[in-house]
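Here this note's numbering runs 76 ahead of the position in the sequence shown, where the first position is 1.
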Amino acid sequence: MTAHRVDLGGRLASGETLYGTFLGLGAALAAEACAVAGFDWLLVDLEHGGGGEASLLSQLSVAEAHDVPVLVRVESTERIRAGRALDLGAAGVMFPRVESAAQAEAAMRHLRYPPGGDRGVATYNRAYGFGLYPEGLETANDRIVGLVQIESRSALEVVHEIAAVPGVDVLFVGPRDLSHDLGVPGQIDSPEFRQALEKILKAADAAGVKTGILAPHAEQGRRYAETGFRFVGVSSDATLLVNAARQAVTQLRAPVQ
77 MTAHRVDLGG RLASGETLYG TFLGLGAALA AEACAVAGFD WLLVDLEHGG GGEASLLSQL
137 SVAEAHDVPV LVRVESTERI RAGRALDLGA AGVMFPRVES AAQAEAAMRH LRYPPGGDRG
197 VATYNRAYGF GLYPEGLETA NDRIVGLVQI ESRSALEVVH EIAAVPGVDV LFVGPRDLSH
257 DLGVPGQIDS PEFRQALEKI LKAADAAGVK TGILAPHAEQ GRRYAETGFR FVGVSSDATL
317 LVNAARQAVT QLRAPVQ
């Protein structure tokens, strides 16, 4: 059975700051390496990552073996995309580029069984031990973590309404998309971007939900946590690897003193 041994939602609700990283390589060994490194959560990126749904199971399996919950960023807000990830045992789903309360409501319905949602009901899948643990249906609606991404000016304008949608646990900022849409691409220290983050933090606080964001490196991740973000992603498996490799190569080729 893939009942999540780590209560990610409970840790979020407690106010703990949780650090994770994105998995974009689509490789089980990369997922396991990040799991043993000590991250609180991992997120398989099916929107921009190099792997697809076919590589999702192996990444879920190796992370679970080390008690690290795995979330999935789906390609779109289509109902079937979220359902596939959940039936395989994902701890939660991130929906990209949500721009209205109506979109957020529809997305959250995909995470829950009727009558509160429209997730397809089946227990012969991996999430329920292939039929051996159907009782998991009784608590499934409460266990799944729902994340919506705030990535545009349009979303920012109605962020208070999005935050108030039942089932939303985390407002997750996509810094690249949001900064581009604000006209300050990549300028995370610009007044425009900082003001946007403040608005998102206030909206989340008013609604009693948490905020998340993706940081390029650990130092920036710590700074985001200090400003109130409680679900902080730091880089990705590919970026962590290439940066470490580049640093090694630079050191190797440095002139001998």
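Ideal Cβ placement from N, Cα and C applies to all residues, glycine included. Given the structure is predicted, the values throughout are model-derived calculations rather than measurements.
Taking ASP265 and SER228 to be in contact with their CB atoms under 8 Å, please state how far apart those CB atoms are, rounded to whole angstroms. Along the sequence shown, read from residue 1 onward, the residue named residue 265 stands at position 189. Along the sequence shown, read from residue 1 onward, the residue named residue 228 stands at position 152. Contact flag wrong, Cβ pair sits at about 20 Å.
When we look at the beta-carbon of GLN135 and count the other beta-carbons within 10 Å, is it buried (16 or more) or exposed? Within the sequence shown, the letter at position 59 stands for residue 135. Classification of GLN135: buried, given that the 10 Å Cβ count is 16 or more.
Starting from ASP257, follow the alpha helix (DSSP H) in both directions and report where the run begins and ends. Numbered from 1 along the sequence shown, position 181 holds the residue referred to as residue 257. Note, ASP257: alpha helix (DSSP H), 251-257.
Inter-residue spacing [alpha-carbon to alpha-carbon] between GLN179 and TYR95: Translated into positions along the sequence shown, residue 179 becomes position 103. Translated into positions along the sequence shown, residue 95 becomes position 19. Distance between the alpha carbons of GLN179 and TYR95 is about 27 Å.
Do VAL146 and ALA167 count as a contact pair if the criterion is CB distance below 9 Å? Start at 1 with the first residue of the sequence shown, and residue 167 comes out as number 91. Start at 1 with the first residue of the sequence shown, and residue 146 comes out as number 70. Yes, Cβ-Cβ distance for ALA167 and VAL146 is below 9 Å.
Within this structure, are the beta carbons of ASN201 and LEU164 separated by less than 9 Å? For this step, residue 201 is matched to residue 125 along the sequence shown. For this step, residue 164 is matched to residue 88 along the sequence shown. The answer is yes: Cβ separation under 9 Å.
How is VAL174 classed by DSSP in three states: helix, strand or coil? The residue given as residue 174 occupies position 98 in the sequence shown. Correct three-state label for VAL174: coil.
Near GLY192, what residues of its chain come up, given a Cβ to Cβ distance below 7 Å and the 5 sequence neighbours on each side ignored? Here residue 192 corresponds to residue number 116 of the sequence shown, with the count starting at 1. Within the same chain, GLY192 has close Cβ partners ASN217.
Relative to the C-alpha of PHE269, which residue among PRO251, ALA282, ASP281, ALA279 is closest? Taking the first residue of the sequence shown as 1, we reach residue 269 at position 193. Checking every option, the nearest Cα to that of PHE269 belongs to PRO251.
Could you give the first and the last residue of the continuous beta strand (DSSP E) run that contains GLN225? Counted from its first residue, the sequence shown places residue 225 at position 149. Its beta strand (DSSP E) spans residues 221-226.
Give a yes or no on contact between the stretch 146-155 and the stretch 85-93, applying the rule of three or more CB pairs nearer than 8 Å. Because the criterion of three Cβ pairs below 8 Å is not met, the stretch 146-155 and the stretch 85-93 do not touch.
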